[in-house]
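Trainee: Numbering-wise (numbering that gives the first Met the number 0), the sequence shown opens with residue 0 and increments by one.
Where a beta carbon is used, it is the ideal one built from N, C-alpha and C, also for glycine.
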Amino acid sequence: MKSIFTEGEAQGITAVLESKEARVRLQKQLLQKEPHAVLVDVKLNIPGPIKNNRNLTQLFEVGCKTLENDLKELQGSFSVAARWNKVTGCENFYLVEQISPYRVKEATVAFEDDFSLGRLFDADVLIAKQPEAISRRQLGLPVRRCFICQRPAKICSRSRRHSVEDLQKFISDLYFKEVHAK
């Protein structure tokens, strides 16, 4: 099967870290401006040096439409505070009002775990009162699972159990099955 990673601009660790710093700055700004809102920061988990291209952008947009429908079902209100489409990856920042941050986290976990493309996404839920994102552990929910083997994702990631090529093949196969075929 074809790969969706044959195009795009390779990113080094410096660019990825700079993007992470910009993300943290924006998160802080948004929560200072809207301290009673819940911030949902959504990005893709993409291994390897290619972090964005037209296929990954399309995959991201399909997933975000599903997440936005999930947020609508919570019956609060939400707005898109910022959208990034950088060479280091796509990212959306949603401000959610009138909904408990724990209900929002439960909805994002359901999105990550139950939606066919959700395992490729990382949806962090943040509030002004807490310096770190609300964790699955805080809600008594299971840890994220690896794309390939179902072990805890952090263990596979840290040990580099799977090659970048294997992870990219999984993502490409999923893209052609769930996005490109439609």
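Whole angstroms are fine: how far does the CA of Ile98 sit from the CA of Asp40?
Mentor: 16 Å
Trainee: For Val95, collect the residues of the same chain with a Cβ closer than 7 Å to its Cβ; drop the 5 residues on either side in sequence, then sort them by chain order.
Mentor: Ala36, Val37, Val39, Leu70, Gly75, Phe77, Val103
Trainee: Name the two residues that bound the continuous alpha helix (DSSP H) containing Val15.
Mentor: Here the alpha helix (DSSP H) through Val15 covers 12-32.
Trainee: Name, in chain order, the residues that DSSP records as bridge partners for Gly62.
Mentor: In DSSP, Gly62 forms no bridge with anything.
Trainee: Between which two residues does the beta strand (DSSP E) harbouring Cys89 extend?
Mentor: 88-96
Trainee: Closer than 8 Å, CB to CB, is Thr5 near chain C or not?
Mentor: Absent here is chain C; the protein component of the structure consists of one chain.
Trainee: Assuming Gly7 and Ile49 are in contact, meaning their beta carbons sit under 8 Å apart, how far apart are those beta carbons, in whole angstroms?
Mentor: 4 Å
Trainee: Within the chosen definition, does the segment 167-176 reach the segment 107-124 through at least 3 CB pairs nearer than 8 Å?
Mentor: yes
Trainee: Please go through the same chain and pick out, in chain order, the residues whose beta-carbon is closer than 7 Å to the beta-carbon of Ala81, but skip the five residues on each side of it.
Mentor: Leu25, Phe92
Trainee: Please report the Cβ distance between Leu66 and Phe110, rounded to the nearest whole angstrom; I am assuming they are in contact, meaning their Cβ atoms lie under 8 Å.
Mentor: That belief holds up - the Cβ atoms of Leu66 and Phe110 are roughly 5 Å apart, short of 8 Å.
Trainee: Between Pro100, Leu58, Lys85, Leu140, which has its C-alpha nearest Lys128's C-alpha?
Mentor: Nearest of Pro100, Leu58, Lys85, Leu140 to Lys128, Cα basis: Pro100.
Trainee: For the ligand NAD, is there a heavy atom less than 7 Å away from the beta-carbon of Glu90?
Mentor: Ligands are entirely absent from the displayed structure, and the ligand NAD is therefore not among its contents.
Trainee: Label Val23 either buried or exposed according to how many other C-beta atoms from any shown protein chain fall within 10 Å of its C-beta, with 16 as the threshold for buried.
Mentor: With fewer than 16 other Cβ atoms within 10 Å, it is exposed.
Trainee: Tell me the rounded alpha-carbon separation between Asn51 and Thr87.
Mentor: Asn51 and Thr87: Cα-Cα distance of roughly 6 Å.
Trainee: Answer yes or no: do Glu105 and Lys42 have a C-beta to C-beta separation smaller than 8 Å?
Mentor: no
Trainee: Would you tell me roughly how many angstroms separate the C-alpha atoms of Glu72 and Asp121, rounded to the nearest one?
Mentor: Rounded to whole angstroms, the separation of the alpha carbons of Asp121 and Glu72 is 20 Å.
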